[in-house]
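S.K.: Each residue of the sequence shown is one higher than the last, beginning at 824 in this note's numbering.
Think of the CB as a built atom: it goes at the ideal place given N, C-alpha and C, for glycine as much as any other residue.
Note that this is a predicted model, so its numbers are computed, not measured.
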Amino acid sequence: MDFRRCTEDLWRIYLTGKEDEVRQAWEMVDPQCVIVGTGAHEYYVGRDSFFPALREELLERRDIHFRFQNFWCEQLEASPDAVLVYGGIHIWWERGDGKTGIDMDSRFSILYRRKEGKWQVIHIHQSIPFRAQMEGEYYPKTLLKRVQEAQSKAEELEELAQKDSLTGTYNYRAFARIWESWKRGNSWMFLLDLDNFKKVNDTCGHMMGNRVLKQVANILQSSVRSQDVVCRMGGDEFLLLCGELEGKERAEMLARRILQALRQGALPEAGDNWPTVSMGITDVRENDSMELAVERADRALYRVKRREKGSYSQE
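1. If we require 3 or more residues per run, which beta strand (DSSP E) segments fall completely within the segment 1027-1090?
2. Below 8 Å between beta carbons: does that hold for G911 and E897?
3. Would you grab the beta carbon distance between I1081 and S1046 for me? Rounded to a whole angstrom, and I think it's under 8 Å.
4. From A1120 to E1072, what does the alpha carbon distance come to, in whole angstroms?
5. Roughly how many angstroms separate the alpha carbons of L838 and I914, rounded to a whole number?
6. Per the contact definition of three or more C-beta pairs closer than 8 Å, is the segment 1101-1113 in contact with the segment 1006-1023?
7. Please report the distance separating the alpha-carbon of D1051 from that of C1065.
8. Cα separation between A905 and C829?
9. Just confirm the distance between the C-beta atoms of Q1087 and N893, as a whole number of angstroms; I'd bet it's less than 8 Å.
10. Please report the distance separating the alpha-carbon of N1033 from that of A1040.
11. How many angstroms separate the CA atom of R996 from the CA atom of M824?
12. What residue ranges within the segment 858-908 form continuous beta strand (DSSP E) runs of no fewer than 3 residues, ordered along the chain?
13. Return the first residue and the last residue of the alpha helix (DSSP H) that M824 is part of.
14. By alpha-carbon positions, which one of S902, D987, I1001 ends up nearest to K938?
15. Just how far apart, CA to CA, sit T1099 and V1023?
16. On a Cα-Cα basis, can you pick out the residue from R936, D926, H888 that is closest to E900?
17. Can you tell me which of M1113, L1115, N1019, A1084 puts its alpha carbon nearest to the alpha carbon of D1095?
18. Less than 8 Å between the beta carbons of Q943 and D853, yes or no?
19. Based on Cα-Cα distance, which residue from R1122, R1007, S1112, C1027 lies nearest to D1016?
20. Considering only DSSP beta bridges, list what V1127 is partnered with.
21. Give the range of the alpha helix (DSSP H) segment to which W1002 is assigned.
22. In whole angstroms, what is the alpha-carbon distance linking S1004 and L1063?
23. Distance, Cα to Cα, Q847 vs R878?
24. Do S932 and L907 count as a contact pair if the criterion is CB distance below 8 Å?
25. Over the uninterrupted beta strand (DSSP E) stretch that includes Q943, give me the two end residues.
26. Return the first residue and the last residue of the alpha helix (DSSP H) that D843 is part of.
27. What is the rounded straight-line gap between the Cα of V1117 and the Cα of A999?
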């Protein structure tokens, strides 16, 4: 059974909101399934307790047509009769006036178990980034909480000084500081360059060029883990620093997944002007300076740009 494809189908059915498809997919869910979400601190034990809430949600958003992109997931066999699927997805919806109404990244995990020869979902967990406590929050803001918020605000201002103003990724100066304390073992550097990006600005204008850069940054940030580093090096070049990638095979697997996500995440309004992305990758070695690692990644990138744009090479 292709659990990754099954998981993608479940997401599609949920987001399209067609009740007949939802009911059909519901047969895959175990009656005792536990469902947890962080949007409003949802917690359901048993599919029958969750379905009324789901049905009410579908009715409320019957005129909303969600779309998703940058979908990815991996599966892990926990036992011969249990498989865990985990991944991420970017969900968006534009209102009738063309303005974005929903634009968010989400992470999820789904646990499948085989019972009496039949695979069923026994656990679903979805989480979205926590940005701020909102109206209807579950916990009151105590004095301690307010102190923590003041500290958080100071940290936020400090963080803003480290971020690229357009894309929200780290700037090169912050990347250099992070490098100084970065653990070298099993780490890889990825240098990405947007091919023929000048054509976007020349054909569609600089505002579209900015949107393309922000979309690329969003895809990169959703393609790596929170502890990895995404940096806009300058212009149309990005740097990634990713740890815990044991060996060339794992690094190249990530490179392929990122390139695929960038292709699939093309902005429709960019049309044929959506650029391909070339990538040079290198392992981070124990005595590397940042400049030396970047230089190797740059050599690998140059080979790609010279031979086959839209791909990757390893140095």
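M.R.: In terms of the structure at hand:
1. 1052-1057, 1060-1065
2. no
3. 5 Å
4. 17 Å
5. 9 Å
6. yes
7. 5 Å
8. 15 Å
9. 7 Å
10. 11 Å
11. 47 Å
12. 866-868, 890-902
13. From DSSP, M824 is part of no alpha helix (DSSP H); its letter is neither H nor E.
14. S902
15. 11 Å
16. R936
17. N1019
18. yes
19. R1122
20. For V1127, which the question treats as bridged, DSSP gives no partner whatsoever.
21. 995-1004
22. 16 Å
23. 14 Å
24. yes
25. 941-950
26. 842-849
27. 11 Å
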